[in-house]
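S.K.: Protein chains in written order, with my numbering: chain B, 47 to 374; chain G, 287 to 798.
C-beta: ideal position from N, C-alpha, C; glycine also.
Take a look at the structure:
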């Protein structure tokens, strides 16, 4: 528990430093913070929007947390999310005649496969000892984003939407159902399920034990006959797949089509969340909640305080420092 | 010897979670004496000395230096009081030279090193105490014995007058041990106080002036070495339970013997950091113990890694149980019935952050996993471990504490129990008794003999020649990655093996 107290204290420090930044911009930090929290937590709509943002954040956080159990640093959540979205879009655009009960599972699997294969590249490179997964996942982010751009500016551009670089709208059968009138969609169930499975696998199963063993002492794990290279490849694939689900649910439930800028950096925020939580499932949930509020806070600062929305990136960077300080 | 002690420890008490490591220990250390601290594992010797060196803080108790009460809060404080310690695992930086390593330790390290003067001081002291090493040699090139000399030199140059050595003879060859004792004698002459921790009785009797025996965290007795006998010390160490070891060698039934392990002309890739194996031929048959003598660092680790399948061989072939196993995976080799007892369990096969139970489960996941891996049969893990520990006569306080909370000896016990629980056909025992107290070492040796008698094959790698000679049916000597000699214990003397181990006879052989 003293660890939690220290963590909260450090977080408070980050908010305090950001308050100084706001003062420098000539804004009233108390009012800014009050506005952010009231507009996100003060009404049902605001809260539902927080839940909407938490879906990709939780998924990309798991994509980082799972490989990090064996000290793999997956910085490629953003790219895996994009390729997941790309694969899902391919399914949604090409199988428009299928009924929803076939099409939705299909794009679900395609989303997973896309993200998974993208991360698998880095996994294989690492398992063979050819390249650090940190570097390769980071660089593949740019490739993934450009690849999405290539398709939406080129072959998949919807001829009916004037000159906008975007695909045609998904058919209804390819749209993840939402809850009630809100934008909260079925992806929330995927995210929570993934979190529960993540916890269960790590704490109860043979694989979790072997993963913890590798994380604890790779040399001993090798001598005990645990296939480390296999785990590297597998965990990168599954992690990437889960990030791919985030991309799939964004295009299918929120955007309704593939377009550039489909993610405001969810993959990177997910990385931050995973490290804040130290891989702990409840920590991921809590951190995703907090970061969803901060991400929404950007819009509020932009709309009612005349600040650029990206100003919240300063706060996120401060939180990253806090996270690093806690580890040091 | 002075009439008043240099250091007095009074009522030192230290507890760790679940263990009372030191229980009101009193100890006097005089200048100009070699003081041996003897006791089985977990008796509290290391803890006591780490308190004196400021590494741990005692819960209660007083330390006096020349009669003045002192407080030692850190190793830094200890050095201010001229107390120095050589740890079991040396703390030298391999890439730096001897002189640089020594310089780093000096408290008055200047911004710009005066190398000439430093080398002169090293030269003077090393000559005076017979601690010759080349000050410009990088530490990675030194043998274990030489590294130890550097550690001692470090303390002397830093002006320590009380030298604490934690199991200094652990990985030295016999003649190096003699050299170390000679160093002790020289230091004693000049009024240094030397405290050394050990559980080898012969060494204690060979070089100590006074002996303190610790048992269960208490000082069982302190007595002059002249009054001590081997038997008396053992009964002090263990209370009434005096143990006798009897390893009758039994003629192995040669005709029925199956080859378990065959290495044919095995060589490994050249490796900067380690020793590579060179054309090693080695057989282990069922029902025999093959002893491998050698100073550590001469290819033992590589030999183990090759047999376990961790390192691939650049040339040669490996057969296990009659099948070509040159390209088998580690998992397959382990599953085929090969047990591995390593020199450094916590580094090589155990998981410090996982519990005893989890460590046990990890050796045989295919056995304990249920529903294809969705859950683990913890009940069967526990009963296997309990059963194996019982067979060995070991006890471990709890299965649910992380391994790192166990003492070194207990970790070795758990690993032994874990490996033996699988009823292996081939046992690779690497320094299986290193770090074990006398009683546990005897149970471990009995275990190897019992496994041999039950038809298993044992490859025993050790630096303890006594152990090798009493257990082995055949001996091979490993030096710089080659097998430089073979023999059976009855036909070869310890001295011959000792010289082969250190390469002293190599020249004669190649000439003749």
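Assuming residue 718 of chain G contacts residue 730 of chain G (C-beta within less than 8 Å), just tell me the rounded distance between them.
M.R.: Here residue 718 of chain G is taken as the residue at index 432 of the second chain, counted from 1. Here residue 730 of chain G is taken as the residue at index 444 of the second chain, counted from 1. Between residue 730 of chain G and residue 718 of chain G the Cβ distance is about 5 Å, and since that is below 8 Å, they are a contact.
S.K.: Between the segment 252-277 of chain B and chain G, which residues of the former have a C-beta closer than 7 Å to a C-beta of the latter?
M.R.: Residues passing the 7 Å Cβ filter: 252, 253, 255, 256, 258, 259, 262, 263, 265, 266, 268, 269, 270, 271 and 273.
S.K.: Cβ of residue 115 of chain B less than 8 Å from any chain D Cβ?
M.R.: The structure shown has no chain D; the protein chains it does contain are B and G.
S.K.: How close, in whole Å, do the beta carbons of residue 417 of chain G and residue 469 of chain G come, if the pair is a contact with beta carbons under 8 Å?
M.R.: Within the second chain, the letter at position 131 stands for residue 417 of chain G. Within the second chain, the letter at position 183 stands for residue 469 of chain G. At roughly 6 Å, the Cβ-Cβ gap stays under 8 Å, so residue 417 of chain G and residue 469 of chain G are in contact.
S.K.: So which of B:353, B:151 and B:191 has the shortest CA-CA distance to residue 70 of chain B?
M.R.: What you label residue 70 of chain B is simply residue 24 of the first chain in a count that begins at 1. When each option's Cα is compared against that of residue 70 of chain B, the closest is B:353.
S.K.: Exposed or buried, what is residue 427 of chain G when buried is set at 16 or more other beta-carbons lying within 10 Å of its beta-carbon?
M.R.: Here residue 427 of chain G refers to the residue found at position 141 when the second chain is read from its first residue. Flag for residue 427 of chain G reads exposed.
S.K.: How about the segment 282-294 of chain B and the segment 89-96 of chain B: do they share at least three Cβ pairs that are nearer than 8 Å?
M.R.: No, they do not touch.
S.K.: Taking a contact to mean a Cβ-Cβ separation below 8 Å, would you say residue 260 of chain B touches residue 274 of chain B in this structure?
M.R.: Taking the first residue of the first chain as position 1, residue 260 of chain B is located at position 214. Taking the first residue of the first chain as position 1, residue 274 of chain B is located at position 228. Result yes, Cβ atoms of residue 260 of chain B and residue 274 of chain B sit closer than 8 Å.
S.K.: Please decide whether residue 620 of chain G counts as near chain B, where near means a Cβ-Cβ distance under 8 Å.
M.R.: Taking the first residue of the second chain as 1, we reach residue 620 of chain G at position 334. For residue 620 of chain G, the answer is yes, since a Cβ of chain B falls inside 8 Å of its Cβ.
S.K.: According to DSSP, is residue 486 of chain G helix, strand or coil?
M.R.: In the second chain, the residue the question calls residue 486 of chain G occupies position 200. The answer is coil: DSSP assigns residue 486 of chain G none of H, G, I, E or B.
S.K.: Using three-state DSSP, classify residue 567 of chain G as helix, strand or coil.
M.R.: As a first step, residue 567 of chain G is located in the second chain; it is residue number 281 there, counting from the start. Strand at residue 567 of chain G.
S.K.: Among G:602, G:763 and G:505, which residue has its Cα nearest to the Cα of residue 553 of chain G?
M.R.: Here residue 553 of chain G refers to the residue found at position 267 when the second chain is read from its first residue. Measuring from the Cα of residue 553 of chain G, the nearest candidate turns out to be G:602.
S.K.: State yes or no: is the beta carbon of residue 796 of chain G nearer than 8 Å to at least one beta carbon in chain B?
M.R.: Locating residue 796 of chain G in the second chain gives position 510, counting from the first residue. With a pLDDT of 40 at residue 796 of chain G, under the threshold of 50, the predicted position of this residue should be treated as unreliable, though the coordinate-derived value follows. No, no contact with chain B.
S.K.: Is it buried or exposed for residue 528 of chain G, if we count other Cβ within 10 angstroms and need 16 for buried?
M.R.: Here residue 528 of chain G refers to the residue found at position 242 when the second chain is read from its first residue. Bear in mind that a pLDDT of 43 at residue 528 of chain G, under 50, signals an unreliable position, so the number given afterwards is only what the model happens to contain. Residue 528 of chain G should be labelled exposed.
S.K.: Assign residue 380 of chain G to buried or exposed, taking buried as 16 or more other Cβ atoms, counted over all protein chains shown, within 10 Å of its Cβ.
M.R.: Here residue 380 of chain G is taken as the residue at index 94 of the second chain, counted from 1. With fewer than 16 Cβ atoms within 10 Å of its Cβ, residue 380 of chain G is classed as exposed.
S.K.: Can you name the start and end residues of the alpha helix (DSSP H) that residue 314 of chain B belongs to?
M.R.: Counted from its first residue, the first chain places residue 314 of chain B at position 268. 312-323 is the extent of the alpha helix (DSSP H) around residue 314 of chain B.
S.K.: For the beta strand (DSSP E) that residue 90 of chain B lies in, which residues bound it at each end?
M.R.: Translated into positions along the first chain, residue 90 of chain B becomes position 44. Segment 90-114 is the alpha helix (DSSP H) holding residue 90 of chain B; no beta strand (DSSP E) there.
S.K.: I want to verify the contact list: residues of chain B whose CB lies under 7 Å from the CB of residue 617 of chain G, in sequence order.
M.R.: On the second chain, position 331 is the one that residue 617 of chain G refers to. Correct list: 271 and 273.
S.K.: With a Cβ-Cβ cutoff of 8 Å, do residue 299 of chain G and residue 347 of chain G count as a contact?
M.R.: Within the second chain, numbered from 1, the residue matching residue 299 of chain G stands at position 13. Within the second chain, numbered from 1, the residue matching residue 347 of chain G stands at position 61. Cβ distance < 8 Å, so residue 299 of chain G and residue 347 of chain G count as in contact.
S.K.: Please decide whether residue 827 of chain G counts as near chain B, where near means a Cβ-Cβ distance under 8 Å.
M.R.: Because chain G spans 287 through 798 in this model, residue 827 of chain G falls outside it and cannot be assessed.
S.K.: Is the number of C-beta pairs between the segment 346-360 of chain G and the segment 452-471 of chain G that are closer than 8 Å three or more?
M.R.: The segment 346-360 of chain G is not in contact with the segment 452-471 of chain G.
S.K.: Return the residue from the list B:335, B:161 and B:77 that minimises the CA-CA distance to residue 128 of chain B.
M.R.: Translated into positions along the first chain, residue 128 of chain B becomes position 82. With distances taken between Cα atoms, residue 128 of chain B lies closest to B:161.
S.K.: So residue 334 of chain B and residue 319 of chain B are supposed to be a Cβ contact under 8 Å. How far apart are they, rounded?
M.R.: Counting from one through the first chain, the residue named residue 334 of chain B turns up at place 288. Counting from one through the first chain, the residue named residue 319 of chain B turns up at place 273. Correct: roughly 5 Å between the Cβ atoms.
S.K.: Taking all protein chains shown into account, decide if residue 608 of chain G is buried (16 or more other Cβ within 10 angstroms of its Cβ) or exposed.
M.R.: In the second chain, the residue the question calls residue 608 of chain G occupies position 322. Residue 608 of chain G should be labelled exposed.
S.K.: Does the separation of the CB atoms of residue 712 of chain G and residue 579 of chain G fall below 8 Å?
M.R.: By one-based count along the second chain, residue 712 of chain G stands at place 426. By one-based count along the second chain, residue 579 of chain G stands at place 293. In this structure, residue 579 of chain G does not lie closer than 8 Å to residue 712 of chain G by Cβ.
S.K.: Tell me, please, whether the CB atom of residue 634 of chain G is closer than 8 Å to any CB atom in chain B?
M.R.: Taking the first residue of the second chain as 1, we reach residue 634 of chain G at position 348. Judged by the 8 Å Cβ criterion, residue 634 of chain G is in contact with chain B.
S.K.: Between which two residues does the beta strand (DSSP E) containing residue 308 of chain G stretch?
M.R.: The count along the second chain starts at 1 and reaches residue 308 of chain G at position 22. Where residue 308 of chain G is concerned, the enclosing beta strand (DSSP E) stretches over 305-315.
S.K.: Using a C-beta to C-beta distance shorter than 9 Å, which residues of chain B count as neighbours of residue 644 of chain G?
M.R.: Counting from 1 along the second chain, the entry for residue 644 of chain G is found at position 358. Ordered by position in chain B, the residues that pass the 9 Å Cβ test against residue 644 of chain G are 255, 258 and 259.
S.K.: Just to make sure I have the definition right: I need the residues of chain B whose C-beta is within less than 9 Å of the C-beta of residue 651 of chain G. Which are they?
M.R.: Your numbering for residue 651 of chain G matches position 365 in the second chain. Those are 252, 255, 256, 270, 271 and 272, listed as they occur along chain B.
S.K.: Run through chain B and tell me which residues come within less than 7 Å of residue 594 of chain G, C-beta to C-beta.
M.R.: Locating residue 594 of chain G in the second chain gives position 308, counting from the first residue. The contacting residues are 269.
S.K.: Ordered along the chain, which non-local residues of its own chain (more than five positions away) have a Cβ less than 8 Å from that of residue 378 of chain G?
M.R.: Position 92 of the second chain holds residue 378 of chain G. 387, 425, 433, 436 and 437, listed in sequence order.
S.K.: Helix or strand or just coil, what does DSSP make of residue 321 of chain G?
M.R.: For the purposes of this step, residue 321 of chain G is identified with residue 35 of the second chain, where counting begins at 1. Here residue 321 of chain G sits in strand by DSSP.
S.K.: Whose C-beta lies closer than 8 Å to the C-beta of residue 685 of chain G among residues of the same chain, with five residues either side of it excluded?
M.R.: On the second chain, position 399 is the one that residue 685 of chain G refers to. The residues are 641, 642, 643, 646, 668 and 671.
S.K.: Excluding the 5 residues flanking residue 800 of chain G on each side, which residues of the same chain have their C-beta closer than 8 Å to its C-beta?
M.R.: Chain G is shown only over 287 to 798; residue 800 of chain G falls outside these bounds and no answer can be derived.
S.K.: Closest to residue 639 of chain G by C-alpha separation, out of B:256, B:349, B:102 and B:204, would be which residue?
M.R.: Translated into positions along the second chain, residue 639 of chain G becomes position 353. For the residues B:256, B:349, B:102 and B:204, the minimum Cα distance to residue 639 of chain G belongs to B:256.
S.K.: Is there a Cβ from chain B that is less than 8 Å from the Cβ of residue 351 of chain G?
M.R.: Your numbering for residue 351 of chain G matches position 65 in the second chain. Not closer than 8 Å to any Cβ of chain B, the Cβ of residue 351 of chain G fails to qualify, so no.
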